[in-house]
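Note that the sequence shown covers residues 10 to 295 in the numbering used here.
Backbone N, C-alpha and C fix where the C-beta goes; we use that ideal spot for every residue, glycine too.
Given the structure is predicted, the values throughout are model-derived calculations rather than measurements.
What follows is a short report on a single structure.
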Amino acid sequence: MTEINIGTMPAPDSAPLYIAQRKGYFKDEGLNVKMTLFKDALKRDAAVSSGKLDGTVTDLVMYTSYIKGNTGWKLGTSLTGKFGIVSANKNIDSFSDLRGKTLGMMSNSVINYYLDENLNNNGMTLADVTEKSIPDIPTRLQMIAQHKIDATVVPEPFLTMASSKGLNVFGVSNPKKFSATALAFNRKISNNTKLQAKFYKAYNRAVKDLNNGDDGTYRMVLSKDLSLPKEVSKNIDMPEYQYAKKVNLNTFNNVLKFTKENKIFTEKINPENYIMNVPVKNNAKG
10 MTEINIGTMP APDSAPLYIA QRKGYFKDEG LNVKMTLFKD ALKRDAAVSS GKLDGTVTDL
70 VMYTSYIKGN TGWKLGTSLT GKFGIVSANK NIDSFSDLRG KTLGMMSNSV INYYLDENLN
130 NNGMTLADVT EKSIPDIPTR LQMIAQHKID ATVVPEPFLT MASSKGLNVF GVSNPKKFSA
190 TALAFNRKIS NNTKLQAKFY KAYNRAVKDL NNGDDGTYRM VLSKDLSLPK EVSKNIDMPE
250 YQYAKKVNLN TFNNVLKFTK ENKIFTEKIN PENYIMNVPV KNNAKG
């Protein structure tokens, strides 16, 4: 058995990893995959820096910090994650309604990139809104409910939480068109194509199960493995999960442009050198 340590976050895009683990798909491939759930992204990134993880669920903006220092970390498969806008103001239900409004945000993060992309698509820029730095998502949702800020950007499962509380949810991203989360791997995996193929074969079996309607296992994973509240695990819509696939080069280029403009990551790199091919066919039999 080859041992692989993976960091995950409490969001539905980590679900296929736990399905593959629970059903023994990784073991079928000779892999002993251990997962560590991080509820704090800073602690996850500290584990990456200290060499405790072989791979992790991350986003493309945060991943740029892994490039510094020639660490050998590269982007693996895209994941199935959603982002959207939340507001308590019934008159705010489209991106055009955000002009001049105050948004609770987390500085230099993927949600800023998501907002930037969608504002640009609607003839605006980040300069057309007022950003208020509020890193903690539950605090942002509380301030929305109290009308202390006009809107915020959150990922799932917080979109479902917000909706259950009667808040406005709109502009939800389509994972097939906007994929900003991914698995990233260290040299141990990024330099080993055979190991990657085994990992993705197990991953794709889990995706196939989910897309064939394995609702019971999905809800259990959300509640027990990802520690999501029962009301969220029960009510959240199960997305159509994507099979393992290479991160879109155009998307990564857009992220690099964003991180440069916002002085998050300014090094000149060849982005193709940081995106791994996915050495399996785009199906469960891969």
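Checklist entry - With C-beta atoms as the reference, is Val241 less than 9 Å away from Pro288? => result Contact: no.
Checklist entry - Nearest to Tyr122 by alpha carbon, out of Tyr209, Glu281, Lys269 and Asp223? => result If we check each option's Cα against that of Tyr122, Lys269 comes out closest.
Checklist entry - Based on Cα-Cα distance, which residue from Ser59, Asp63 and Arg53 lies nearest to Leu40? => result Asp63
Checklist entry - Between which two residues does the alpha helix (DSSP H) harbouring Leu26 extend? => result Ala24 to Arg31
Item to check | Sub-9 Å separation of Gly93 and Leu168 beta-carbons | outcome: yes
Item to check | Unbroken beta strand (DSSP E) run spanning Asn177, endpoints | outcome: Asn177 to Phe179
Item to check | Length at least 3, wholly inside the segment 165-229: the beta strand (DSSP E) runs in chain order | outcome: 177-179 and 190-194
Checklist entry - For Ile284, which of helix, strand or coil comes out of DSSP? => result Of the three classes helix, strand and coil, the one that applies to Ile284 here is strand, per DSSP.
Next on the checklist: Beta-carbon within less than 7 Å of Ser173's beta-carbon, same chain only, minus the 5 sequence neighbours each way: which residues are those?
Outcome noted: Glu240 and Asn244
Checklist entry - Which full runs of the beta strand (DSSP E) of 3+ residues lie inside the segment 17-79, going along the chain? => result 40-46 and 64-68
Checklist entry - With a Cβ-Cβ cutoff of 9 Å, do Pro25 and Leu237 count as a contact? => result no
Checklist entry - In the structure shown, what three-state DSSP assignment does Ser105 receive? => result Three-state result, Ser105: helix.
Item to check | Neighbour-count burial assignment, Ser23, 16 or more Cβ in a 10 Å radius | outcome: Burial state of Ser23 is buried, judged by a 10 Å Cβ sphere holding 16 or more other Cβ atoms.
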